[in-house]
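**Q** Take this structure, written in structure tokens, and hold onto it; I'll ask about it next.
Numbering (the working numbering), first residue to last: 598 to 1154.
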């Protein structure tokens, strides 16, 4: 079967003629035009047809099969591979004197069904290797048994002997490779030191040019990973990306000079100059231009944002920020379980009005606190109030203390209810009073002498008591309830003003706790303070009784 394997468009026939010389031999056609002429220094062959479809020159074998045809627009060589009778194989070659290298010849072009070699000494040592394509000066020169390789460029893959399935493109690309396989190396002097490392992917001038061992690395960009010697599973993309990495493994660097000086493992660095000065440290994630720029030895950091953590030198830090500020929008410490927000935080609202804003569209859209093992606590807003729904309707706020729902409009405590400051706060106000107060042992009013000063006998007595006007009454708005007994504060104020509450101290500044005396909307009475007045009146009355007894006794005598 005839196979065309070499076509050159626009036929150019090499002619070596020195004009003015007399021909030694001349063949002319039927019209007297020279078509084959031999001169002392050369041979001239002239075709006559100007029709591209016509063949001007052709050479056939003994059976009439075309071997060479030159026409107006092409030159064709034909090779026949129909079961050759000997072990010679069909092919096409251009060489120096001596048709093979064994005879002293040097191939410039050698095309066979198994291998395509184009270039000086290209693939000259091949024996059993097959399906290789070598193009360039001494490209694949030492290849012996290697197969399925593509080498393009000056000295590309020159020292490969048995490596297979490699693609080297570029000046001296993969020049040191000997037995490695499955490598793709593209770029001037890319991967020039690689000898046995497999599954490498280098694209860019000098990319990975120091690597001698390792596997599974991808270096893309000028000088990307150029200093790496023995490493695996790294991906460096960008000019000078990871260029100083020596043996660090499992890293991903993306960006101009990203991780340029990094020597650690399992780092993810994305951005221009990201972690530029890092020389050691593992398991860092840094995203953003100049992120972690000055961090040289830290590990376990997460920096996200332009210049985020640029001046941070430690480990296990979290920075989410778009500047080199040390007060990042979000800051954390993984080793201390610290998370800090330098921001207003909002959930459910686009217009927060406080440091932490939580909003829902309905009463049931609240905050749930708890885990899978317990009934959660639900917090939500309802009609100007914060509603808390908890297991057993109880909220514990101390080691043992808790507040509990005691029933409809009832709240229960399991502890003493005390003010945080002695003798400072009130229970209720003149406008917001308690209806009833229930107690088992009564109400105790402090009366310790150690707490008293300026002690003098009271001046009130029987005469003052006789001015009091005890009344019965109903509270307005509660006429259906039982009558109450008492005194009128305004009347009592004229007799014993000390027992009438007309003013009180109110807090006017919640930040400082400052108080101011204000007049009450409703007067009140310290009924317990009337007891000393009543006692004094009884004492005076008893004295009068004793005196009357004495007078009666004298009259009876």
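In this text, a Cβ means the ideal position worked out from N, Cα and C, and glycines have one as well.
Within the same chain, show all residues whose beta-carbon is closer than 8 Å to that of residue 909, passing over the 5 residues directly before and after it, in chain order.
**A** Here the set comprises 889, 891, 892, 895, 898, 900, 916, 923.
**Q** Label residue 940 either buried or exposed according to how many other C-beta atoms from any shown protein chain fall within 10 Å of its C-beta, with 16 as the threshold for buried.
**A** Its Cβ having fewer than 16 others within 10 Å, residue 940 is exposed.
**Q** Is it buried or exposed, residue 1013, if we count other Cβ atoms within 10 angstroms and call 16 or more buried?
**A** With fewer than 16 Cβ atoms within 10 Å of its Cβ, residue 1013 is classed as exposed.
**Q** What residue range does the beta strand (DSSP E) around residue 1135 cover?
**A** That residue, residue 1135, is in no beta strand (DSSP E); its alpha helix (DSSP H) goes 1127-1153.
**Q** Can the beta-carbon of residue 805 be found less than 8 Å from the beta-carbon of residue 818?
**A** Their beta carbons are not under 8 Å apart, which means residue 805 does not touch residue 818 by this criterion.
**Q** Quick one: residues in its chain with C-beta nearer than 8 Å to the C-beta of residue 852, no 5 flanking neighbours on either side, listed in chain order?
**A** Excluding residues within five positions, the ones whose Cβ falls inside 8 Å are 834, 835, 838, 866, 867, 868, 869, 870, 871, 886.
**Q** Quick check: what's the CA-CA separation for residue 791 versus residue 631?
**A** Using only the alpha carbons, I get a separation of about 59 Å.
**Q** Where does residue 734 fall in DSSP's three states?
**A** Correct three-state label for residue 734: coil.
**Q** Enumerate in chain order the residues of its own chain whose CB-to-CB distance from residue 684 is below 6 Å, with the five nearest sequence positions on each side excluded.
**A** The predicted position of residue 684 is uncertain, since its pLDDT is 48 and thus under 50; no value can be drawn from it.
**Q** Closer than 8 Å by C-beta to residue 741: which residues in its own chain qualify, once you throw out the five before and the five after it? Chain order, please.
**A** The residues are 722, 723, 724, 725, 726, 758, 759.
**Q** Where DSSP assigns a beta bridge to residue 1002, which residues make up the other side?
**A** Paired residue(s): 1008.
**Q** Classify residue 989 as helix, strand or coil using the three-state DSSP reduction.
**A** Helix.
**Q** Report yes or no: do three or more beta-carbon pairs, one from the stretch 1067-1079 and one from the stretch 1136-1148, lie closer than 8 Å?
**A** Output reads no: the stretch 1136-1148 does not touch the stretch 1067-1079.
**Q** Do you know how far the Cα of residue 844 is from the Cα of residue 810?
**A** In a straight line, the C-alpha of residue 810 is about 10 Å away from that of residue 844.
**Q** At which residues does the alpha helix (DSSP H) containing residue 930 begin and terminate?
**A** Counting along the chain, residue 930 falls outside any alpha helix (DSSP H), though it belongs to the beta strand (DSSP E) covering 927-930.
**Q** Starting from residue 833, follow its DSSP beta bridges and name the residues at the other end.
**A** In DSSP, residue 833 forms a bridge with 816, 850.
**Q** Among the candidates 1101, 1062, 782, whose CA atom is the shortest distance from the CA of residue 1021?
**A** Here the closest residue by C-alpha is 1101.
**Q** So for residue 1057, helix, strand or coil by DSSP?
**A** Reduced to three states, the DSSP call for residue 1057 is coil.
**Q** So, is residue 708 buried or exposed, given that buried needs 16 or more other C-beta atoms within 10 angstroms?
**A** Its Cβ being crowded by 16 or more others within 10 Å, residue 708 is buried.
**Q** Can you give me the C-alpha to C-alpha distance between residue 771 and residue 933, rounded to a whole angstrom?
**A** When rounded, the distance between both Cα atoms is 49 Å.
**Q** With a CB to CB cut of under 8 Å and the five nearest residues on each side skipped, what residues in its chain are close to residue 767?
**A** Cβ within range, chain order: 749, 750, 753, 782, 783, 784, 785, 786, 787, 802.
**Q** Tell me the residue span of the beta strand (DSSP E) that contains residue 1091.
**A** Per DSSP, residue 1091 belongs to no beta strand (DSSP E); it is in the alpha helix (DSSP H), 1086-1092.
**Q** So, with DSSP's three-state summary, where would you put residue 1078?
**A** Coil at residue 1078, not helix or strand.
**Q** How about residue 902 and residue 914: do their beta carbons lie closer than 8 Å?
**A** Contact: no.
**Q** Taking the C-alpha atoms as reference points, what is the distance between residue 937 and residue 918?
**A** Taking the straight line from one Cα to the other gives about 12 Å.
**Q** Can you list, in chain order, the residues of its chain with a C-beta nearer than 8 Å to that of residue 1061? Leave out the 5 residues immediately preceding and following it.
**A** Counting only Cβ-Cβ distances below 8 Å, and skipping sequence neighbours, we find 1092, 1093, 1130, 1134.
**Q** Within its chain, find whatever has a CB closer than 6 Å to the CB of residue 883; leave out the 5 residues flanking it on each side and keep chain order.
**A** Taken in chain order, the residues that qualify are 866, 871, 872, 889, 900.
**Q** Where in the stretch 842-899 do unbroken runs of the beta strand (DSSP E), each at least 3 residues long, occur, reported from the N-terminal end onward?
**A** Complete beta strand (DSSP E) runs here, min 3: 849-851, 865-867, 882-884.
**Q** Is residue 797 buried or exposed, if buried means 16 or more other CB atoms sit within 10 Å of its CB?
**A** Answer is buried; the Cβ neighbour count reaches 16.
**Q** Looking at the unbroken beta strand (DSSP E) that takes in residue 632, where does it start and where does it end?
**A** Element bounds for residue 632: 631-636.
**Q** When the Cα atoms are used, what is the spatial distance from residue 681 to residue 763?
**A** At residue 681, the pLDDT of 47 sits below 50, so the modelled position is not reliable and the matter cannot be decided from this model.
**Q** Quick one: what's got a C-beta closer than 8 Å to residue 854's C-beta in the same chain, skipping five residues either side?
**A** Only 835, 836, 837, 838, 840, 869, 870, 873 meet the Cβ criterion.
**Q** Looking at C-alpha atoms only, which residue of 789, 1069, 778 is the closest neighbour of residue 795?
**A** Nearest option by C-alpha distance: 778.
**Q** Can you round the beta-carbon distance between residue 1067 and residue 1090 to whole angstroms, since I take them to be within the 8 Å contact cut?
**A** Contact flag wrong, Cβ pair sits at about 16 Å.
**Q** What are the residues that DSSP puts in a beta bridge with residue 1027?
**A** Beta-bridge pairing links residue 1027 to no other residue.
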